[in-house]
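Number of protein chains: 2
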Amino acid sequence: MPIVFFGARTPLKFLVLMVAIVAIHSVCASDSAPATSNINSAEYPRVGSDLSVTFRLKAPNAKEVKLEGGTGLIKAPLAMTNSPDGMWSVTTPPSVPGFHYYWFTVDGLRVNDSASYSWFGWGRETSGIEIPEAGVDFYDAKKDVPHGEIRIRSYFSEITGKWRRAHIYTPPGYDHASTTRYPVLYLLHGAGENERGWVEQGRAQNIFDNLLASGPTKPMIAVIDSGYAAYPVAFSASKSSTPANPTAAFEKVMLQELIPFIDTTYRTLASRENRAMAGLSMGSGQTLNITLHHLDQFAWIGAMSGPPRQGFEVSTAYDGVFRDISAFNNRVKLLWFGSGTAEERIYASTRAVYESLQQSGIHCQLYSSPGTDHEWQTWRRSLHELAPKLFHP
Amino acid sequence: MPIVFFGARTPLKFLVLMVAIVAIHSVCASDSAPATSNINSAEYPRVGSDLSVTFRLKAPNAKEVKLEGGTGLIKAPLAMTNSPDGMWSVTTPPSVPGFHYYWFTVDGLRVNDSASYSWFGWGRETSGIEIPEAGVDFYDAKKDVPHGEIRIRSYFSEITGKWRRAHIYTPPGYDHASTTRYPVLYLLHGAGENERGWVEQGRAQNIFDNLLASGPTKPMIAVIDSGYAAYPVAFSASKSSTPANPTAAFEKVMLQELIPFIDTTYRTLASRENRAMAGLSMGSGQTLNITLHHLDQFAWIGAMSGPPRQGFEVSTAYDGVFRDISAFNNRVKLLWFGSGTAEERIYASTRAVYESLQQSGIHCQLYSSPGTDHEWQTWRRSLHELAPKLFHP
């Protein structure tokens, strides 16, 4: 039996904490369960069988508490109600399955839920909740499936003057197949997120592991980096008086630093036919812009929930890359769009771009994620649809 | 120039956010700088040249705001003062270098700083700040040093009925030296922390990389897992009515699941002479208990800021493992204690245990970290002292 040692300054606090956490096990509605995303043993938030969610916050001195979060969870801020002991609570209408950011607004101050881990979204650490989808497990860790690995690699970017941290998925068996080389998918997050998004919120590693175990997906390396990369302030200041554009240096970082670093560090197939790029929302815009201007570097393109800007014209878009239809179709192995049907403007816009490209004779594909909004369930499904199509001859 | 796409529901919010963040660049005292641990571009908290720190929180509706945090940052909660625009602020006395947890208490509610990343400590996500130590860079990422990797590996624990997630440091060159096998150090966090602590707060990967580049440290694999492992509730409930002990299953998980998993997954030297264990605070207690009861599995032992409980007697401690002095000295390659001189009770207790062992003829070593308390700077320094001593014949 292990002796548990608690530090001299902290023992009582932690023992009280442990007991308090466990003591919260109160009598709860039998058809609800703690969210799987809760910090160990936390009973709230709880997800009902109808996917409604009950949240709680102890704030005896607060005057007004609201629940806020992603549209898949709630369509608008929800007022929470107070009980005499200072516990505020609210139950949402049935939510959309998947991962949703949320937070409490307490007398105007945005506060995370201490019962939740935090995920980087909205430009800050934010609480999140996982809502299960009945019968769906393609993004779950599974016991009977070989597992790849996520590797955290730091590299210094001379272009930005900063250290960057990439997350790299290597497929099952990478360590043992010591001469095998793999194609590479570069995968980008959305605005306000970072290089942990596809791992923590997206569960890309589980999606790849499960696809590889069950179907025709090609083993690949996936490189998950931040899409933010600014030029050093002094450099920007010399060119303009506006604040540094937080993504201005990304294209250069990716082409001149990240790709060479990955190709020298991992056993990649370092050719355009074996290099894909995909991203969501802001990362979709970056993907389209970088790949369509550098078809010498990429042959596979995935755009999730981020169509080109309004005013898209096939003949002029991306400096005319679509003008020579047969050249484009010969060169690009896959131009793939994905969007959730509930993210209405983006979905309509994605569909319109897809249709105009199709009508022009450009080969492309569209995946529609039923009933999901601008949220991670759309992007998990999108990766699950996209990955099996990549790198086949 | 990349086109930055912002999602349909979020563009204005994020643009406003970006501009707001950058606009905070106000006129600041010239001898202070934003903490390196701040989320990109956040100007506060700021660290002065005397290591005082200025914190800010915008909370116009709050009545009372306090800064709280680790003893290396502040010895007691500090009241923050309000300005007419609702900005609360406070400047601390000079702080101790290293990493410190902190948070704001707003009318009794514990709130993280949106300008800070969060680190898992105190059983929850908590803000943190990095205070530089003049002339000290052994835990910094360096350009001219070969880098190892942190690998995130999930494994299912049958003992706890849950997935667990280990972080594994592999040294520079691991991928290329495809037949080399390495000794393994198992490294544990403290109470209220988790398997990310040694990576995010401790920067173990930088400490190893820098040691390997500069000195006689043996290349090793370091396995950084959570020290929490509870038996499934139903199982516990059948044995007692008390809540599940959150660490009760750890010894069994480590010996029966984690070590075999690591030894079959990585190129380890799977013998006691090539297996070390070290931990801090609660993890030190776990280390001493597990290693001293399983000397058939471990030959190297590191106890940081966590001496045995009060009432330590050499002859009876750990079921008499120290009774046969020459047998112990022959068997155990290293018994090493580390503690910060400012964590007074723990330091005194560690020293007393060390001295009584020494007087009994047990070979052991003591490292004293000058001026640091029960905090990560003590443990970074401890790892930096301990690692070079490991695995030499």
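In order, the protein sequences belong to chains A and B.
Throughout the first sequence, residue numbering follows the working numbering, covering 2 to 394 in sequence.
Throughout the second sequence, residue numbering follows the working numbering, covering 2 to 394 in sequence.
Positions of the beta carbon are idealized from the N, C-alpha and C atoms, including for glycine.
Treat the numbers as computed from the prediction; the structure is a model and nothing was measured.
- Rounded to the nearest whole angstrom, the C-alpha separation of Ser227(A) and Glu196(A) is 4 Å.
- For the stretch 75 to 104 of chain B, the set of positions with a beta-carbon nearer than 8 Å to some beta-carbon of chain A is empty.
- Between the C-alpha atoms of Trp164(B) and Phe157(B) there is a straight-line separation of about 4 Å.
- The continuous beta strand (DSSP E) containing Tyr156(A) extends over residues 150 to 158.
- Taking the beta carbon of Phe299(A) as reference, no residue of chain B falls within 7 Å; the closest one sits roughly 14 Å away.
- Within its own chain, the residues whose Cβ lies closer than 6 Å to the Cβ of Thr72(B), once the five positions on either side in sequence are excluded, are Asp374, listed in chain order.
- Put simply, the CB of Ile225(A) is far from chain B, with every gap to its CB atoms at 8 Å or more.
- Excluding its 5 nearest sequence neighbours in each direction, Ser155(A) has C-beta neighbours in its own chain below 6 Å: Trp164, Arg166, listed in chain order.
- Residues of chain B whose Cβ lies closer than 8 Å to the Cβ of Pro61(A) are, in chain order, Gly109.
- Restricting attention to Pro389(B), His393(B), Trp377(B), the CA atom closest to the CA of His101(B) is found in Trp377(B).
- Spanning the alpha carbons of Glu258(A) and Ala271(A) requires a straight line of approximately 14 Å.
- No Cβ of chain A is located within less than 8 Å of the beta carbon of Lys334(B).
- By the rule that beta-carbons nearer than 8 Å mark a contact, Ala142(A) touches chain B.
- Within the stretch 37 to 52 of chain B, those residues whose Cβ lies closer than 9 Å to any Cβ of chain A are, in chain order, Ile40, Asn41, Ser42.
- In the structure shown, the three-state DSSP call for Phe100(A) is strand.
- For Met255(A), DSSP records no beta bridge to any residue.
- Of all residues in the stretch 143 to 166 of chain B, only Lys144, His148, Glu150, Ile151, Arg152, Ile153, Arg154, Ser155, Phe157, Trp164 place a beta-carbon less than 7 Å from a beta-carbon of chain A.
- Closest option to Ala214(A), judged by alpha-carbon separation, among Asp145(A), Ile225(A), Phe251(A), His190(A): Asp145(A).
- For Pro261(A), the three-state secondary structure derived from DSSP is helix.
- Within the same chain, and ignoring the five residues on either side of Tyr229(A) in sequence, the residues whose Cβ sits closer than 8 Å to its Cβ are Asn195, Pro247, Thr248, Phe251.
- Our two residues, Gly341(B) and Ser369(B), have alpha carbons roughly 6 Å apart in a direct line.
- Here Asp86(A) is exposed. Its C-beta has fewer than 16 other C-beta atoms within 10 Å.
- Closer than 8 Å to the CB of Arg125(B) there is at least one CB belonging to chain A.
- If you check the CB distance, Val54(B) and Leu79(B) do not come in under 8 Å.
- Under a 10 Å Cβ-count criterion, Arg346(B) is classified as exposed, with fewer than 16 other Cβ atoms of the shown protein chains found around its own Cβ.
- Following the DSSP letters along the chain, one finds Glu356(A) inside the alpha helix (DSSP H) bounded by residues 345 to 361.
- In this structure His294(B) touches Asp320(B) by the C-beta definition: roughly 7 Å separates them, less than 8 Å.
- Put simply, the CB of Tyr229(B) is near chain A, with a gap under 8 Å to one of its CB atoms.
- Within the model, the alpha-carbon separation for Tyr118(A) versus Gly303(B) is close to 30 Å.
- In this structure, DSSP gives Lys334(A) a state outside helix and strand, which the three-state scheme calls coil.
- Spatial neighbours of Ala277(A) in its own chain (CB-CB distance under 6 Å, excluding positions within 5 residues in sequence) are listed in chain order as Leu186, Trp301, Leu391.
- Per the DSSP secondary-structure output, Leu189(A) pairs in a beta bridge with Gly280(A).
- Residue burial annotation: Asn211(B) is buried, with at least 16 other C-beta atoms found within 10 angstroms of its C-beta.
- Secondary-structure assignment with DSSP links Ile326(B) through no beta bridge to anything.
- Beta-bridge analysis with DSSP links Thr269(A) to Tyr183(A).
- At least one C-beta of chain B is nearer than 8 Å to the C-beta of Asn113(A).
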